[in-house]
Amino acid sequence: MNREAQAAVLLLTGVALLHAGLSDLYLRYVKAGLQPLLLAAGAVLVAAALATVWYELRGPRRRTGQGPGDKHGDTHDAHDAGHAHPHAHAHHEPKVAWLLVLPVLALVLVAPPALGSYSAARTGTSVPRPFGFPALPAGDPLRMETGDYAGRAVYDRGRSLSGRQVTLTGFVSIGRDGTPYLTRMVLNCCAADARPVKIGLTGQVPPVLRPDAWLEVTGTYTPRRAKDPVNDGPVPFLDVSRARPVREPAEPYEG
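The number in the working numbering is simply the position in the sequence shown, starting from 1, with 184 added.
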């Protein structure tokens with residue numbers, strides 16, 4: 185690809201990153217905390233593309249720009265033109281390089297779905313170990329992240345959850361034995377390293393559950409626990425007292 189084409193690809197990539205970073209689209213790929221870095225990367229790519237175009241437009245003027253009395257320049261140019269290699273010709277780059285534009289257009293035009301029950305069923309649960317168990321704020325039901333609930337249920341054995349009603353939001357996944365899980369994918373950095381946190385549901389669970397459907401459930405801690413058949417990881421349970429379907433949140437991942 186020539187410099188102009190390279191600049192076009194750089195510009196499209198930078199604009200795509202800025203578009204994703206200024207909307208909720210970036211939350212499908214990376215953690216929310218990486219938004220400033222994503223915007224900075226997009227701005228750098230746009231600046232690089234504009235600089236490339238500027239230098240390309242300015243280059244021919246420098247090469248051909250000569251003073252009115254520059255006879256030596258004219259003599260050298262004529263000499264070089266007269267001795268040009270008879271077989272010299274322009275080199276054409278393969279057009280297949282333009283396929284680099286397709287991923288950029290896909291980023292702008294197609295919003296991929298967040299990872300769901302298909303990925304969760306093939307990946308073992310991951311319960312993050314908290315650094316500590318600070319006192320929970322007053323007021324029930326208490327809205328919590330699934331990772332926070334799972335960490336307290338497993339590593340604190342539910343002591344900090346005792347007597348509290350909590351509300352969790354996640355999508356439905358079904359275990360191999362038919363156990364319904366409320367699941368949320370947790371990111372360390374981006375969707376490529378997403379790991380599921382699975383909360384088993386017991387109590388007043390809706391009789392019909394569809395995988396990937398998003399639920400908001402309210403309930404209390406129960407000491408019941410199971411092992412994920414994929415990696416033998418611990419799966420804590422929630423005794424559900426109320427459940428209702430909700431729309432997928434703008435930020436589908438936790439991190």
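Heads up, the beta-carbon is just placed ideally off N, CA and C, and yes, glycines get one too. Every value quoted in this text rests on a predicted model; they were computed, and no experiment measured them.
Distance between Glu329 and Glu438, taken at the CA atoms: about 8 Å. With respect to the C-alpha of Glu432, the residue from Thr351, Leu399, Pro364 having the closest C-alpha is Leu399. Taken atom to atom, the span from the alpha-carbon of Gly217 to that of Glu435 is near 12 Å.
Within the segment 335-392, the complete beta strand (DSSP E) runs of at least 3 residues fall at 349-358, 364-370, 379-387. Spatial neighbours of Val311 in its own chain (CB-CB distance under 7 Å, excluding positions within 5 residues in sequence) are listed in chain order as Ala334, Gly335, Val338, Val381, Gly417, Pro418.
Per DSSP, Glu188 is not a residue of any beta strand (DSSP E); the alpha helix (DSSP H) it occupies stretches across 187-205. A straight-line Cα-Cα distance of about 39 Å links Arg341 and Leu222. Ser303: member of the alpha helix (DSSP H) spanning 301-305, first to last residue. With contact defined as three or more Cβ pairs closer than 8 Å, the segment 358-372 and the segment 299-311 are in contact. Between Ala305 and Val237, the C-beta spacing is not below 8 Å.
By the CB criterion at 8 Å, Ala410 and Gly387 fall outside the cutoff. For Lys411, the uninterrupted beta strand (DSSP E) run begins and ends at 398-411, by DSSP.
The alpha-carbon of Pro321 is positioned some 38 Å away from that of Leu201. Contact between Asp332 and Arg348 is ruled out by a C-beta separation of about 12 Å, above the 8 Å threshold. Spanning the alpha carbons of Arg212 and Gly354 requires a straight line of approximately 15 Å. Measuring C-alpha to C-alpha distances from Cys374 to each of Pro287, Val430, Val199, Val214 identifies Val214 as the nearest. Beyond the five residues adjoining it in sequence on each side, Arg428 comes within less than 6 Å, by CB distance, of Glu400 in the same chain, given in chain order. Judged by DSSP secondary structure, Phe421 falls within the beta strand (DSSP E) whose first and last residues are 418-429.
Taking the Cβ atoms as the reference, Val199 lies roughly 12 Å from Val228, outside the contact range of under 8 Å.
Taking the Cβ atoms as the reference, Leu371 lies roughly 18 Å from Leu352, outside the contact range of under 8 Å.
When only Cα atoms are considered, Leu289 and Leu283 end up about 10 Å apart. The C-beta of Gly226 has 16 or more other C-beta atoms within 10 Å across all chains shown, which makes the residue buried.
Residue state for Val214 is assigned as strand, using DSSP reduced to three classes.
Between the C-alpha atoms of Tyr210 and Arg379 there is a straight-line separation of about 18 Å. In the structure shown, the three-state DSSP call for Arg242 is helix. Cβ neighbours of Pro364 within its own chain (closer than 7 Å, five residues either side excluded): Val356, Ile358, Leu385, Val389, Leu393.
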